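J.:
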Amino acid sequence: MIDINITEKPLDVQECIKMVMSPDSGGIDVFIGTVRNMTKGKRVVGLEFEAYESMAMKEMKKIAMEIKSRWPVHKIVIHHRVGVLQVGEVPVVIAVSAAHRNAAFDACRYAIDTLKQRVPIWKKEVFEDGEVWVAEHP
Amino acid sequence: MIDINITEKPLDVQECIKMVMSPDSGGIDVFIGTVRNMTKGKRVVGLEFEAYESMAMKEMKKIAMEIKSRWPVHKIVIHHRVGVLQVGEVPVVIAVSAAHRNAAFDACRYAIDTLKQRVPIWKKEVFEDGEVWVAEHP
Amino acid sequence: MAVYKILAFGIAKDIFGGRAIEIALDERATIENLRSALEDKYSKLKQLSSYMIAVNDEYADAANIISTHDEIAIIPPVSGG
Amino acid sequence: MAVYKILAFGIAKDIFGGRAIEIALDERATIENLRSALEDKYSKLKQLSSYMIAVNDEYADAANIISTHDEIAIIPPVSGG
């Protein structure tokens, strides 16, 4: 089972976890991104996320398919939020279940690392004195 | 912040996640153990967990302190359930928050790997035709 | 000549001054041709550490040929998650 | 001689036939002495792939000296998580 979503609504972490639970799984790894109050020593007021939605959905699905082909995992959920987020809010939730924990950990980490490398989503950091598009991947 | 618990009551995953959230964190990694319906090809009816509670609490605290000394993490929650669990129920939840995700992933994985190596908790697998104490760590 | 519509996201939106622009190129132009034409017109593009071009929701290579029916987008360095 | 109380968990409970047993040893016995005495009396202990002995909630070494005031426990291979 693969469930991919991009939404303006707050992400439901509990729901993502429920979606990956299954009686044949022994472990679930969940990554939850949260908006941090500081970046490079500067106070962040909030973040704004923008997605090239059709392509981002496609790239996220590709990541999930790559995971399925590389690790023995059962279910994968990747949900990304867009729009304006405050400090402490959750831009991304990735949950992966597997029979054994190593596959869940490896797959979840691969998902977030790869998402940050190539899924067309952009974040603008809003400071008290201005805003700037972030380019984490040069 | 370190929060360690051993309890007979169902673990509250959402509450564990809330406990580690903080405005200076950018990522949270959560490991959720779940009772699997099969082990080595045999159908499992349920599991029974027993802890040497005073020592297990102490060993889990040590693991959290080791994590604090090895990785720049913010908050660590390790909750373990004891008693009889059905398939799909959650024996363990580990949640770790950090400014950057690599520390959260490394620390969370270290926590579950080390817990399984040395925290005095034992699991008995209950099958339709009998039960057996598991010795995962020889 | 043909007119290609180019979508912009993130900082590329600021550089183009909008969500999309149109640019005239030869028919059967390549991604490489498009890149040169865009950089001539919007020199700030060259200040980005890098950027990709996507065609119909897929990252495209320099030699790919584009048509005016394709959905073409500038993908500045991504920063999701 | 002194009487030591030994707690048991997991499969050690089944081997001892209960949550705790008592065993007589010299005063100032070592963990090694305890291990030998237990294995003489409960030979099934030797069938475990391994087991540790904890003293006052800490894993103990073979040379550690025990007292009758210590909380002593047999720790068969753990399997939490």
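Chains as they are written, first to last, in numbering that gives the first Met the number 0: chain A, 0 to 137; chain B, 0 to 137; chain C, 0 to 80; chain D, 0 to 80. Using N, Cα and C, we set each Cβ at its ideal position, and we do this for glycine too. These numbers come from a predicted model, not from an experiment.
Using a threshold of 9 angstroms, state whether the C-beta atoms of B/Lys122 and B/Pro90 are closer than that.
T.: yes
J.: Exposed or buried, what is D/Ser42 when buried is set at 16 or more other beta-carbons lying within 10 Å of its beta-carbon?
T.: exposed
J.: Please classify B/Met18: does DSSP put it in a helix, a strand, or coil?
T.: helix
J.: Whether or not the segment 65-78 of chain B and the segment 13-26 of chain B are in contact is what I'm after, with contact meaning three or more pairs of Cβ atoms, one per stretch, closer than 8 angstroms; do they touch?
T.: yes
J.: Of all Cβ atoms in chain D, is any one closer than 9 angstroms to the Cβ of B/Gln13?
T.: no
J.: Give, in chain order, every unbroken run of the beta strand (DSSP E) that is at least 3 residues long and sits entirely within the segment 4-51 of chain A.
T.: You should have 26-32, 41-50.
J.: Does DSSP put A/Asp2 in a helix, a strand or coil?
T.: strand
J.: For B/Trp132, does the three-state DSSP call read helix, strand or coil?
T.: strand
J.: Quick one: residues in its chain with C-beta nearer than 7 angstroms to the C-beta of A/Pro137, no 5 flanking neighbours on either side, listed in chain order?
T.: With a pLDDT of only 43 at A/Pro137, under the threshold of 50, the placement of this residue in the model should not be trusted; the figure read from the coordinates follows. Correct list: empty, nothing qualifies.
J.: Quick check on the DSSP output: the alpha helix (DSSP H) that includes D/Glu31 runs from which residue to which?
T.: 30-40
J.: If the cut is a Cβ gap below 8 angstroms, which residues of chain B does D/Val54 touch?
T.: What D/Val54 touches in chain B: nothing, since even the nearest Cβ is about 10 angstroms away.
J.: From the DSSP output, in three-state form, read off D/Phe8 for me.
T.: coil
J.: Which two residues bound the contiguous alpha helix (DSSP H) that contains A/Gln116?
T.: 100-117
J.: Using a Cβ-Cβ cut-off of 7 angstroms (strictly less than) and excluding sequence neighbours within five positions of B/Gly87, which residues of its own chain qualify?
T.: Excluding residues within five positions, the ones whose Cβ falls inside 7 angstroms are Thr33, Val34.
J.: Ignore the nearest five residues each way along the sequence and tell me which others in A/Thr63's own chain have a CB closer than 7 angstroms to its CB.
T.: Reading off the sequence shown, one finds Ala at residue 63 of chain A, where the question assumed Thr. Around A/Ala63, the same chain offers Ile1, Ile3, Ile75, Ile77 as residues with beta carbons nearer than 7 angstroms, after the five sequence neighbours per side are excluded.
J.: Within its chain, find whatever has a CB closer than 8 angstroms to the CB of B/Val72; leave out the 5 residues flanking it on each side and keep chain order.
T.: Ile66, Val95, Ser96, Ala97, Ala102, Ala103, Ala106
J.: I'd like the span of the beta strand (DSSP E) that includes B/Leu74, first residue to last.
T.: Looking at the sequence itself, residue 74 of chain B is Lys, so the reference to Leu does not match. Counting along the chain, the beta strand (DSSP E) containing B/Lys74 begins and ends at 72-80.
J.: Could you give the first and the last residue of the continuous beta strand (DSSP E) run that contains D/Leu24?
T.: 19-24
J.: Near B/Ser21, what residues of its chain come up, given a Cβ to Cβ distance below 7 angstroms and the 5 sequence neighbours on each side ignored?
T.: His73, Lys74, Ser96
J.: Residues bridged to A/Leu84 by DSSP?
T.: By DSSP's assignment, A/Leu84 forms a beta bridge with A/Leu46.
J.: If you count every other CB in all the chains shown that lies within 10 Å of the CB of A/Ile111, and 16 or more means buried, which is it?
T.: buried
J.: Could you compute how far the alpha carbon of A/Trp70 sits from the alpha carbon of A/Arg108?
T.: 12 angstroms
J.: So, does the CB of A/His136 fall closer than 9 angstroms to a CB anywhere in chain C?
T.: Residue placement at A/His136 cannot be trusted, given a pLDDT of 45 that sits under 50; what the coordinates show is reported in the next sentence. Output row for A/His136: interface = yes.
J.: Can you tell me whether D/Lys45 is helix, strand or coil according to DSSP?
T.: helix
J.: Which residue comes first and which comes last in the beta strand (DSSP E) that contains C/Ala62?
T.: Neither: C/Ala62 is in no beta strand (DSSP E) and is coded neither H nor E.
J.: So, does the CB of C/Ile74 fall closer than 9 angstroms to a CB anywhere in chain A?
T.: yes
J.: Applying the criterion that 16 or more other CB atoms from any shown protein chain within 10 Å of the CB defines a buried residue, is A/Glu124 buried or exposed?
T.: buried
J.: Which residue from D/Thr29, D/Leu37, D/Ala23 puts its Cα closest to that of D/Ile14?
T.: D/Leu37
J.: Find the residues of chain B that neighbour A/Lys97, judging by a C-beta separation of less than 7 angstroms, and give them in chain order.
T.: Here the sequence assigns Ala to residue 97 of chain A, which means Lys is not the residue at that position. By Cβ distance, chain B contributes nothing, its closest Cβ being about 10 angstroms from A/Ala97, past 7 angstroms.
J.: Taking B/Gly82 as the reference, give the member of B/Phe48, B/Val19, B/Phe30 with the closest Cα.
T.: B/Phe48
J.: Pull up the distance between the alpha-carbon of D/Ala1 and that of B/Val44, whole angstroms please.
T.: For D/Ala1 and B/Val44, the distance between alpha carbons rounds to 44 angstroms.
J.: What residue does the beta strand (DSSP E) around B/Ser96 start on, and which one ends it?
T.: Taken as a continuous stretch (DSSP letters only), the beta strand (DSSP E) holding B/Ser96 covers 91-97.
J.: In terms of residues, what are the limits of the beta strand (DSSP E) holding C/Met51?
T.: 51-54
J.: Using the C-alpha atoms, what's the distance from A/Ile5 back to A/Ser24?
T.: 26 angstroms
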